[in-house]
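First the structure, in the form of structure tokens, and then the observations on it.
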DNA sequence: ATGGGATATGTAACCGGTTACATCTTGATC
DNA sequence: GATCAAGATGTAACCGGTTACATATCCCAT
């Protein structure tokens with residue numbers, strides 16, 4: 039009797055419900071356009087047979103995958119984990135899926151990963167920071183794939199961005215140390231290579247110092263990767279010079295943790311001997327002892343906002359290209375007047 | 039002249055190189071089967087035109103996506119972040135991509151997410167623990183999709199698993215406290231609901247106590263979620279009873295951090311007043327002060343191993359179903375003889 | 001010279017959905 | 001009753017690759 043080519047998939051459902059494949063497809067994607075009765079009949083068959091639509095086929099013909107790609111430096115960092123988690127929840131709630139990819143701060147790898155994601159048909163792409171391969175931007179523009187740079191605020195750039203103004207925020211953090219009387223201030227910052235946020239923060243620190251007639255002597259400035267080990271090593275380096283600063287501004291909370299741990303090990307009491315200010319306000323920061331004074335950045339909102347932007351673009355809405363996220367200084371126990 | 043339907047995609051490349059689509063496809067997927075000369079000519083055209091294969095179309099016809107799905111409770115947890123990062127690196131190195139999904143410890147959500155992933159054509163699936171919806175297992179088996187439960191070792195179960203033997207490991211951790219003379223020992227463990235690992239660890243703790251003639255009075259046992267706040271609350275609860283234990287075993291390092299923080303705030307010195315042992319050995323644990331005595335679990339190896347298993351299955355190899363990962367007790371500064 | 005195996009390439013069906021277009025119904029309007 | 005718009009449903013082309021099968025070529029053994 040039956041054509042053995044129609045034992046599975048949408049054609050099987052169609053045959054069993056006595057309708058055409060078009061109707062089944064419509065019942066699934068645009069229920070309103072199918073009569074109540076048919077819709078119910080089709081749904082019954084679907085439940086009975088356990089039919090699951092073939093996403094690839096759907097993607098091929100509709101040219102939409104309901105999948106968003108994100109490329110971040112590394113997952114193994116509390117800050118990203120938080121943001122990704124938030125983004126993931128949001129996308130999921132909108133029926134989208136997130137594909138995650140990491141570049142290890144290498145823009146060539148990033149380009150490669152982006153090609154990969156595009157080939158897999160992501161509808162939109164979320165990138166970290168503003169430091170990308172030119173070919174990547176060209177690729178995205180030429181294929182008309184919406185994307186956004188997250189973690190920065192760059193209204194003058196042509197490319198969409200969402201995040202805090204890192205330079206201004208860093209300036210604010212440094213000003214706190216200056217306001218409470220510190221005059222000898224060191225900096226532990228992240229490596230600037232392919233990390234525009236790290237650079238912007240350093241610029242902010244420097245500007246605040248300069249505006250107040252101070253400078254940043256090389257022996258008080260160390261650049262390291264975002265790990266506790268490296269941060270401790272940086273602190274060791276700074277503490278080893280003759281003339282130790284009375285405060286240290288850090289480009290990131292993790293770096294601040296490292297500095298505080300190492301200070302404690304050296305017998306330097308925080309904050310009476312050394313004030314430390316961080317950046318990001320990870321969950322840990324308020325639990326530490328002393329609790330870390332830091333610049334709060336609403337990471338979850340930022341990433342969710344990035345998702346909202348992409349989805350809005352996909353739905354054809356005309357939306358602003360740049361979003362500034364508010365930061366705030368959270369003063370806890372790790373800073374004290376000189 | 040030209041058929042306007044062939045301005046793009048593989049047919050365009052074929053036309054420009056003067057060969058058939060089949061040859062282009064073969065040059066890409068099975069280079070060895072195409073003559074040196076043609077291969078070069080085709081590659082030139084590909085480079086010139088910037089052709090990127092359409093992954094969806096490829097997936098549809100080849101029925102392989104080179105994509106692996108993973109469902110974890112939450113990304114926002116250092117333990118998972120580490121494992122995912124490791125898995126991601128491995129898969130990426132093998133030309134596979136990872137799609138990540140979270141279930142928030144809810145097996146219905148997990149089933150839903152799994153359907154989603156399957157509909158997107160994942161070639162294999164990696165799940166956390168052994169606590170899943172029966173329909174999920176059925177679905178995977180009926181579709182012949184390789185999968186593995188990670189973070190547990192369960193040689194008696196029919197389903198593949200890789201991880202430490204949580205019960206034995208917890209037993210080991212508790213034995214350490216007993217060996218150094220503690221007789222009044224509390225436990226802060228994770229919620230057991232839909233978390234077989236938490237249960238196994240608790241069983242291990244209990245067995246060690248029982249074997250040594252002790253029990254776990256209710257007022258010394260608190261179950262909480264995996265957050266610092268909850269862990270501190272748990273510690274507060276235990277410290278509030280008349281008779282405070284001299285040691286606390288924790289189901290997880292994060293819980294141990296919370297207990298230590300709270301102890302310190304109460305003026306209890308660790309380890310002289312209170313010994314604390316953790317579980318997992320996150321990166322933080324060795325940096326804390328006092329550094330945390332904990333049960334080291336090689337998370338990165340475990341997840342990478344899960345990836346290796348799936349890929350081996352996909353390549354048709356016949357491989358063992360269960361892999362035990364070694365744990366080890368790392369004695370640092372947070373435990374001391376009574 | 002002939003047959004057979006190995007290698008290289010082309011033809012076109014196929015994967016499983018979506019959707020433009022055609023067809024048919026129904027109800028309202030004149 | 002005729003006309004027409006709106007709504008419901010069916011037909012089949014199409015998305016962009018892969019690959020089974022057919023065909024062509026070349027080399028070597030008989």
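Chains as they are written, first to last, in the working numbering: chain L, 39 to 376; chain D, 39 to 376. Note that beta-carbon positions come from the ideal geometry of N, C-alpha and C, so glycine has one too. It should be emphasised that the depicted structure is a prediction, and the values quoted were computed from it without experimental measurement.
Measure the alpha-carbon distance for residue i versus residue j and round it to whole angstroms.
i                      : j                      : result
residue 223 of chain L : residue 176 of chain L : 42 angstroms
residue 143 of chain L : residue 111 of chain L : 5 angstroms
residue 294 of chain D : residue 104 of chain L : 40 angstroms
residue 48 of chain D  : residue 120 of chain L : 41 angstroms
residue 192 of chain L : residue 312 of chain D : 51 angstroms
residue 208 of chain L : residue 127 of chain D : 32 angstroms
residue 173 of chain D : residue 109 of chain L : 33 angstroms
residue 364 of chain D : residue 236 of chain D : 18 angstroms
residue 268 of chain L : residue 259 of chain L : 14 angstroms
residue 171 of chain D : residue 145 of chain D : 6 angstroms
residue 102 of chain D : residue 84 of chain D  : 23 angstroms
residue 342 of chain D : residue 291 of chain L : 29 angstroms
residue 256 of chain L : residue 118 of chain L : 30 angstroms
residue 194 of chain L : residue 181 of chain D : 51 angstroms
residue 206 of chain L : residue 164 of chain L : 23 angstroms
residue 367 of chain D : residue 306 of chain L : 32 angstroms
residue 58 of chain D  : residue 52 of chain D  : 5 angstroms
residue 147 of chain L : residue 282 of chain D : 54 angstroms
residue 316 of chain L : residue 169 of chain L : 23 angstroms
residue 289 of chain L : residue 370 of chain L : 17 angstroms
residue 232 of chain L : residue 286 of chain L : 24 angstroms
residue 210 of chain L : residue 345 of chain L : 28 angstroms
residue 39 of chain L  : residue 75 of chain D  : Interpretation of residue 39 of chain L is limited by its pLDDT of 39, a score under 50 that renders its predicted location unreliable; the figure taken from the coordinates is listed afterwards. Between residue 39 of chain L and residue 75 of chain D, the C-alpha separation is close to 50 angstroms.
residue 73 of chain L  : residue 179 of chain D : 35 angstroms
residue 212 of chain L : residue 329 of chain L : 18 angstroms
residue 116 of chain D : residue 46 of chain L  : 43 angstroms
residue 251 of chain L : residue 221 of chain L : 9 angstroms
Within 9 angstroms of any Cβ in chain D, is that where the Cβ of residue i sits?
i                      : result
residue 56 of chain L  : no
residue 373 of chain L : no
residue 28 of chain L  : This structure gives no information on residue 28 of chain L, because the portion of chain L shown stretches from 39 to 376.
residue 330 of chain L : no
residue 341 of chain L : no
residue 158 of chain L : yes
residue 334 of chain L : no
Would residue i count as contacting chain L if we go by Cβ distances under 9 angstroms?
i                      : result
residue 40 of chain D  : For residue 40 of chain D, the pLDDT reaches just 41, beneath the cut-off of 50, and the residue's location in the model is therefore unreliable, leaving the point undetermined.
residue 217 of chain D : no
residue 257 of chain D : no
residue 119 of chain D : yes
residue 303 of chain D : yes
residue 87 of chain D  : no
residue 266 of chain D : yes
residue 377 of chain D : No answer is possible for residue 377 of chain D: it lies beyond the span of chain D, which begins at 39 and ends at 376.
Do residue j and residue i come within 9 angstroms of each other at the CB atom, strictly closer than that value?
i                      : j                      : result
residue 240 of chain D : residue 227 of chain D : yes
residue 242 of chain L : residue 266 of chain L : no
residue 347 of chain D : residue 137 of chain D : no
residue 106 of chain L : residue 162 of chain L : yes
residue 331 of chain D : residue 123 of chain L : no
residue 159 of chain D : residue 97 of chain D  : yes
residue 262 of chain L : residue 229 of chain L : yes
residue 310 of chain L : residue 374 of chain L : yes
residue 340 of chain D : residue 189 of chain D : yes
residue 80 of chain D  : residue 100 of chain D : no
residue 187 of chain L : residue 197 of chain L : yes
residue 113 of chain D : residue 276 of chain L : no
Per DSSP, what are the beta-bridge partners of residue i in this structure?
i                      : result
residue 361 of chain L : L/200
residue 318 of chain L : L/334
residue 164 of chain L : L/108 and L/186
residue 140 of chain D : D/110
residue 135 of chain D : D/105
residue 285 of chain L : L/223 and L/313
**Report entry** Three-pair Cβ contact test at 8 angstroms for the segment 85-93 of chain L versus the segment 138-157 of chain D
**Finding:** yes
Query raised in the report: Counting pairs of beta carbons, one from the segment 264-278 of chain L and one from the segment 286-305 of chain L, are three or more of them closer than 8 angstroms?
Result: yes
Report task. For the segment 329-336 of chain L and the segment 58-67 of chain D, state whether three or more C-beta atom pairs, one from each stretch, are separated by less than 8 angstroms. Result -> no
Query raised in the report: Can at least three beta-carbon pairs, one atom from the segment 240-252 of chain L and one from the segment 318-329 of chain L, be found at a separation below 8 angstroms?
Result: no
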